[in-house]
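In our numbering, the protein residues as written are 543 to 1212.
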């Protein structure tokens, strides 16, 4: 009898697992949301990258002219290059220009008069040569005849070339190249100080029995609720030329690196605190008991047990703070003075000089450290997870009156710094005329009298935040659900996850500039949303996509995968399982994603500063514009309105969450 292993299956086609209707729908949704991320992130970044390699210059040999006499008889054709060689009308160094460059045709005719009866003809010598007659674009080798009055409206347009000239120009310009050094220096100093202060604060919260921990946590999270411009305004009122505490600086100016560092510490502190506090909270009590049994001193225990246990949290916090500081635009714009940094350089190149190509170059340079920091941070977080043990015992702090008082004093100082920054902004918003008339008034809240968009900008921000919270939460959670619950299709899921993680590494200012290049192109079918609220919603959702995606994935991973096979065996479609089981279980995470998107949409500046219009001006941008116009007190008032709105939204979020979760999360309570 033949052995069982010798029995061969009959030859035929290889078996393939067929996809049911649910899997087809899931993969379809995965493709749709991936397509959204491609259009809202990958494609704009690609266009921006190509722009950074684009150079523009006037090719005078590409244009020909003919000039008539007073009787209308035209002479021989002559190129603009020949005329310029003879007249030296346009120096060679001025032929380089931007994509929007224009060169008047009259530059090559010194005796031109728009009242002359002389007529002119103009054409390109190649099919790519183009020029404007008024607002109408003409391209190609066909002659265009115009009178003298019209000839003065002819503008030659530059030709595009690809190369590294923009990067060469940037790195060979000392003032521009110095911005890289300044940005790294400020980010490094701010990171060291912020992580140190946040570690001390987190250590006091987790390793002491001091009082008022809840209050200190509440105050520590306050900077998240305000735009990054607000600490800059507060520092001006405290230490500026007419500041309350100017004398304390001993003649040192707050405008420049000092102001940027202090302001950066304020707005990055809660981000570092959350990460470090989480790292300290998962410490193992058994390690401290072992150190005590070995009679190790508290100082030695701190360096041998505490620091190594929290090292991944410290490293992760350092990279997060570094990225936030080096990519921030609002704070250095308000208080940076003449101290140039990369983010402000982008703004100056685009808004100030209309040099979009050089702005793209700076954006690419700014993108490099942001991506590098993000990649290292993700690697660190992966190793941090591997340290967790099922046998770990949570650390329990023991009362120590002296240590608790020291922790209370330290946290009080940090809380005073945070509350003082917000408090001085509130005071400045109510003062009539700083520093001459310190009586209180609400006139600074009359935004309709100020530059920046008035109250309409505030209402636009609320609209943007609500739309971002609603549509963003749906897109983010559905995307995370599909990538987590889809069977097989590993390549597609991996590509989607990469796209979902990419926004974290892209600075807002870079994303906003990329949107100009991509959506402002008339040939783009999506050009219709440019200048509308829709593009602001798309940009904001995309900018803050990653954190929501990770939050949703964390919640979804807690759900047993057995739910899907059980639902399939009962012949229930996946969307019924999704609405009746998955969403109720993940409701806490869904609510957290929505409030996260709402708050960040209210405070964001960099991501939207390039793509808003007069009809879609936002409150955070209004703060910037009012400060630029010298209306510092109204800018502080608008910043406080953002703070009030976010604080109120947080309160509503807590109240609604308690009510909804009480009805839907009863199964969690034993």
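Backbone N, C-alpha and C define an ideal beta-carbon position, used for all residues, glycine too. All of these numbers come straight from a predicted model, not from anything done at the bench.
Could you name the residues of the same chain whose beta carbon sits closer than 8 Å to that of residue 629, not counting the 5 residues immediately before and after it, in chain order? 650 and 652
When the Cα of residue 640 is compared with those of 745, 900 and 574, which residue comes out closest? 900
N-terminal and C-terminal residue of the beta strand (DSSP E) that residue 1216 is part of: It is not possible to answer for residue 1216, since the shown part of the chain is limited to 543 through 1212.
Would residue 875 be called buried (16 or more neighbouring beta carbons within 10 Å of its own) or exposed? buried
If you count every other CB in all the chains shown that lies within 10 Å of the CB of residue 543, and 16 or more means buried, which is it? Since pLDDT at residue 543 reaches only 46, below the 50 mark, its modelled position is unreliable, and the value read off the structure follows with that caveat. The residue is exposed, with fewer than 16 neighbouring Cβ atoms inside 10 Å.
Take the Cβ of residue 928 as the centre, count every other Cβ of all protein chains shown within 10 Å, and call the residue buried at 16 or more, exposed below. Any reading at residue 928 needs caution, since the residue's pLDDT is 46, under 50, leaving its predicted position unreliable; the model's value is listed next. Under this definition residue 928 is an exposed residue.
Would you report the Cα separation of residue 1017 and residue 1091, rounded to the nearest angstrom? 9 Å
Please name the residue, chosen from 889, 997 and 1095, that lies closest to residue 1152 on a Cα-to-Cα basis. 889
For residue 680, which beta-bridge partners are listed by DSSP? 673
Does the beta-carbon distance from residue 1176 to residue 986 come in below 7 Å? yes
Between the beta-carbon of residue 1047 and the beta-carbon of residue 861, is there less than 7 Å? no
Taking C-beta to C-beta, are residue 951 and residue 761 nearer than 7 Å? no
Do residue 1049 and residue 869 come within 7 Å of each other at the CB atom, strictly closer than that value? yes
Let's test the definition: count the other Cβ atoms within 10 Å of the Cβ of residue 1134 and tell me whether it reaches 16, buried, or not, exposed. buried
Whole angstroms is fine: what's the gap from residue 746's alpha carbon to residue 993's? 44 Å
Please determine if the region 620-634 and the region 675-684 are in contact, where contact requires at least 3 C-beta pairs separated by less than 8 Å. no
Classification of residue 618 by the beta-carbon crowding that lies within 10 angstroms, buried from 16 upward: exposed
Below 8 Å on the Cβ atoms is my contact criterion, and I expect residue 737 with residue 856 to pass it. Report the Cβ-Cβ distance as a whole number of Å. 6 Å
Terminal residues of the alpha helix (DSSP H) in which residue 1169 lies: 1161-1170
For a quick check, are the C-beta atoms of residue 1068 and residue 1061 less than 7 Å apart? yes
Give the straight-line distance between the Cα atoms of residue 1033 and residue 941, rounded to the nearest whole angstrom. 53 Å
Any heavy atom of the ligand NAP within a distance shorter than 6 Å of the CB on residue 610? Only the bare structure without any ligand can be found here, which leaves the ligand NAP out of the picture.
Three-state secondary structure (DSSP) at residue 655? coil
Do residue 881 and residue 798 have their C-beta atoms within less than 7 Å of each other? yes
Range covered by the alpha helix (DSSP H) that runs through residue 723: 716-749
Spatial neighbours of residue 1191 within its chain, please: CB distance less than 6 Å, with the 5 preceding and 5 following residues excluded, ordered by chain position. 1140
Cut-off 7 Å between Cβ atoms - residues of its own chain near residue 932, not counting five sequence neighbours on either side: Confidence at residue 932 is low in this model, with a pLDDT of 45, below 50, so its placement is unreliable and the value that follows should be read with caution. No residues qualify anywhere along the chain.
Would you mind giving the Cβ-Cβ distance between residue 1099 and residue 946, rounded to the nearest angstrom? I have them listed as a contact below 8 Å. About 38 Å separates the two Cβ atoms, so there is no contact after all.
Thinking residue 647 and residue 583 are a contact (beta carbons under 8 Å), I'd like their distance in whole angstroms, please. Going by Cβ atoms, the distance from residue 647 to residue 583 rounds to 41 Å, so no, they are not a contact pair.
Pick out the complete beta strand (DSSP E) segments inside the region 930-991, 3 residues or longer, and give them in chain order. 973-975 and 979-982
For residue 1134, report the span of its alpha helix (DSSP H) as first-last. 1129-1145
Where does the unbroken alpha helix (DSSP H) through residue 801 begin, and where does it stop? 799-823
Kindly indicate which residue of 1037, 662 and 1015 has the alpha-carbon position closest to the one of residue 1025. 1037
Counting only the same chain and skipping the five closest in sequence on each side, list residues whose C-beta sits under 7 Å from that of residue 601. 701
Can you tell me whether residue 971 is buried or exposed? The criterion is at least 16 other CB atoms within 10 Å of its CB, across all chains shown. buried
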